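Letter by letter, the sequence shown follows residues 370 to 535 of the numbering used here.
Think of the CB as a built atom: it goes at the ideal place given N, C-alpha and C, for glycine as much as any other residue.
Since the model is a prediction, treat every value here as computed from it, not as a measurement.
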Amino acid sequence: MSLAFVDWHSVFVPEIGVPEIVVRGTIMYLAMFAILRFIARRQTGNFGPADLLVIVLIADAAQNGLGKDYSSVTEGIGLVLTIVAWEYALDWLAWRFPALRPWLSVPPLKIIEDGRAIQSALDREMLSEAELLGQLREHQIERVSDVKVARLEGDGRLSVIKKSGA
Numbered sequence: 370m371s372l373a374f375v376d377w378h379s380v381f382v383p384e385i386g387v388p389e390i391v392v393r394g395t396i397m398y399l400a401m402f403a404i405l406r407f408i409a410r411r412q413t414g415n416f417g418p419a420d421l422l423v424i425v426l427i428a429d430a431a432q433n434g435l436g437k438d439y440s441s442v443t444e445g446i447g448l449v450l451t452i453v454a455w456e457y458a459l460d461w462l463a464w465r466f467p468a469l470r471p472w473l474s475v476p477p478l479k480i481i482e483d484g485r486a487i488q489s490a491l492d493r494e495m496l497s498e499a500e501l502l503g504q505l506r507e508h509q510i511e512r513v514s515d516v517k518v519a520r521l522e523g524d525g526r527l528s529v530i531k532k533s534g535a
């Protein structure tokens, strides 16, 4: 195969008909919209590692129903529903059975206490002092010494309690 050769026919002519592409795309979009709108309610804007995993898996599963591998739309929707159901089940288990929470979610990590950064925690998370200060500035805090306690939450957000008077 020559690098200069381009099969223009395969570039522009779909393997499945255009109406089928439109129907598959419409059904998958509406199904994904309904699933994510009504089933997967979570805090918007706070994505942790598990949320990212679910998004990637849903994208891959939805692709199956869009026609590339000639899977049916029903198979694609079934895969997406399975992934969302597992995410919901794990969230429900963590909520219902507190003893499972350490296994099912990442606990917060204290990184500042009484105005001092906990270096071992910063090292463990590979968080530099500059990055820590950047996150503190997002909370309108200029110095580590102004913080009573700060924790790196399981979803990557930094929660901060200022010292009184700071």
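- A direct Cα-to-Cα measurement between HIS508 and ALA458 gives close to 34 Å.
- DSSP, reduced to helix, strand and coil, places SER497 outside both helices and strands of the structure shown, so it counts as coil.
- Scanning its chain for C-beta atoms nearer than 7 Å, with the 5 sequence neighbours on each side dropped, one finds around ILE481 the residues ILE487, VAL513, VAL516, VAL518, ALA519, in chain order.
- Around the beta carbon of LEU399, a 10 Å sphere encloses fewer than 16 other beta carbons of the protein chains shown; the residue is thus reported as exposed.
- By the C-beta density criterion, VAL375 is exposed, having fewer than 16 other C-beta atoms within 10 angstroms.
- GLU444 and VAL382 have their alpha carbons spaced roughly 25 Å apart.
- Excluding its 5 nearest sequence neighbours in each direction, LYS531 has C-beta neighbours in its own chain below 7 Å: ILE510, ASP515, VAL516, LYS517, listed in chain order.
- Separation of ILE452 and ALA373 (C-alpha to C-alpha, rounded to the nearest whole angstrom) is 42 Å.
- For ARG526, the three-state secondary structure derived from DSSP is coil.
- Burial of VAL449 is indicated by the presence of at least 16 other C-beta atoms within 10 angstroms of its C-beta.
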